[in-house]
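Asker: Numbering (the numbering used here), first residue to last: 3 to 318.
Cβ atoms here follow ideal geometry from the backbone N, Cα and C, with glycine treated the same way.
None of these values were measured; they are calculated from a predicted model.
If you want it as structure tokens, here you go:
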């Protein structure tokens, strides 16, 4: 076998592998209740497992999503009558899969919304704010225009996040108060860090003790600041991002992996952004609330139910 034949064989095997993976990445029966308007932008919301958040989360989404964005609620591994009813009431689409795999359902959503070039991806414990969507779109386009980076995805400041919590503290001007309670500022993601495992930290960012402001107040402040963004240098938890169909294609979709694929979608898109030189961008003029990470979830559910005013929309 000569060099040309060997190269052709390698190409053939790569293509065969990607075709095999593509089949796996869509491999689940599904139901799709379509109300799509064939917009160029879509918003897909992973939901189904934290119903106590839905009243506020979907009220915020309904109020703040631009009218030219198709919205689809996704439930992986179940058909949820309440989610279907919420989607119908707001004239949103609803997609459910039989198999519980977050990569598969996101791949199906991108495929089904075939007119969309850009996608907001949001989790059901993300509390969007006024102007967030518009700012992410503006920043995505500005990054491409500036040509310092090729954008992979753009994300808002999330106070409960291993990278952007520092930006939230700086914007709120409460870095000293945080450090006195929880130690030095360190941009680091993962369950070994207090930002992801300490319930008291999550409560701090939701206003416990009166130090950190309400998210709507802080969102208005960062939204009014001079335009700014930065490239992120560590793993970013993708509870709220804006990405393109082109990136999804370039990274060969979200990998189905094994089981629910929880976290695999995040690892893949973060890694591929690095490998493809498509930057992970933090929009410093956009902010959203994030309820909690795994070890914080149960205490924060109780906190959420006891303090509804901390999460509801404030008049601005």
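1. Which partner residues of residue 48 appear in the DSSP bridge assignment?
2. Are the beta-carbon atoms belonging to residue 280 and residue 249 less than 9 Å from one another?
3. Name the DSSP bridge partner or partners of residue 34?
4. Buried or exposed for residue 91, please, with buried defined as at least 16 other CB atoms from any protein chain shown within 10 angstroms of its CB.
5. At what residues does the alpha helix (DSSP H) containing residue 302 begin and finish?
6. Look up residue 267 in the DSSP assignment and say whether it is helix, strand or coil.
7. Whole angstroms is fine: what's the gap from residue 247's alpha carbon to residue 147's?
8. Taking the alpha-carbon of residue 98 as reference, which of 30, 150, 222 has the nearest alpha-carbon?
9. Can you give the beta carbon distance from residue 168 to residue 213, rounded, assuming they're within the 8 Å contact cut?
10. Report the start-end ranges of each alpha helix (DSSP H) in the stretch 212-242 that is 4 residues or longer and not cut off at the edges.
11. Pull up the DSSP beta-bridge partners for residue 152, would you.
12. Are the CB atoms of residue 234 and residue 180 nearer to each other than 9 Å?
13. Which residue from 60, 27, 75 puts its Cα closest to that of residue 37?
14. Per DSSP, which residues does residue 246 bridge with? Please list them.
15. How about residue 223 and residue 173: are their beta carbons less than 9 Å apart?
16. Which one of 46, 78, 66, 204 has the shortest CA to CA distance from residue 262?
17. Between residue 295 and residue 241, what straight-line distance do the alpha-carbon atoms span, to the nearest angstrom?
18. Mapping DSSP to helix, strand and coil, what is residue 195?
19. Assess, as a yes-or-no matter, whether the stretch 116-130 is touched by the stretch 184-198 under the definition of 3 or more beta carbon pairs within less than 8 Å.
20. Quick one: Cα of residue 315 to Cα of residue 25, how far?
21. Along the chain, where does the alpha helix (DSSP H) that runs through residue 105 open and close?
22. Contact defined as beta carbons within less than 8 Å: I believe residue 238 pairs with residue 157. What is the distance between those atoms, to the nearest angstrom?
23. If you drop the 5 nearest sequence neighbours on each side, which residues of the same chain put their C-beta closer than 8 Å to that of residue 137?
24. Which residues mark the beginning and the end of the alpha helix (DSSP H) in which residue 177 is found?
Answerer: Taking the coordinates as given:
1. According to DSSP, residue 48 bridges with 76, 125.
2. Going by C-beta atoms, residue 280 is nearer than 9 Å to residue 249.
3. In DSSP, residue 34 forms a bridge with 97.
4. Around the Cβ of residue 91, a 10 Å sphere holds fewer than 16 other Cβ atoms; the residue is exposed.
5. First-last of the alpha helix (DSSP H) with residue 302: 299-308.
6. Collapsing the DSSP output to three states places residue 267 in a helix.
7. Approximately 18 Å, taken between the alpha carbons.
8. Closest option to residue 98, judged by alpha-carbon separation, among 30, 150, 222: 30.
9. A Cβ-Cβ distance of about 15 Å is found for the pair residue 168 and residue 213, leaving them out of contact under the 8 Å criterion.
10. Those alpha helix (DSSP H) runs which fall completely within the stretch 212-242 and span 4+ residues are 217-226.
11. Residue 152 is bridged by DSSP to 280.
12. No.
13. Of 60, 27, 75, the residue nearest in Cα terms is 75.
14. For residue 246, DSSP records a beta bridge to 120.
15. Cβ distance < 9 Å, so residue 223 and residue 173 count as in contact.
16. The candidate whose alpha carbon is nearest that of residue 262 is 78.
17. If you take the alpha carbons of residue 295 and residue 241, they lie about 10 Å apart.
18. The answer is coil: DSSP assigns residue 195 none of H, G, I, E or B.
19. Contact between the stretch 184-198 and the stretch 116-130 is absent, with fewer than three C-beta pairs closer than 8 Å.
20. Those two C-alpha atoms are separated by around 42 Å.
21. Element bounds for residue 105: 104-114.
22. Between residue 238 and residue 157 the beta-carbon gap is near 6 Å, inside 8 Å, which marks them as a contact.
23. Cβ neighbours of residue 137 beyond the five flanking positions: 158, 225, 285, 287, 288.
24. Counting along the chain, the alpha helix (DSSP H) containing residue 177 begins and ends at 177-184.
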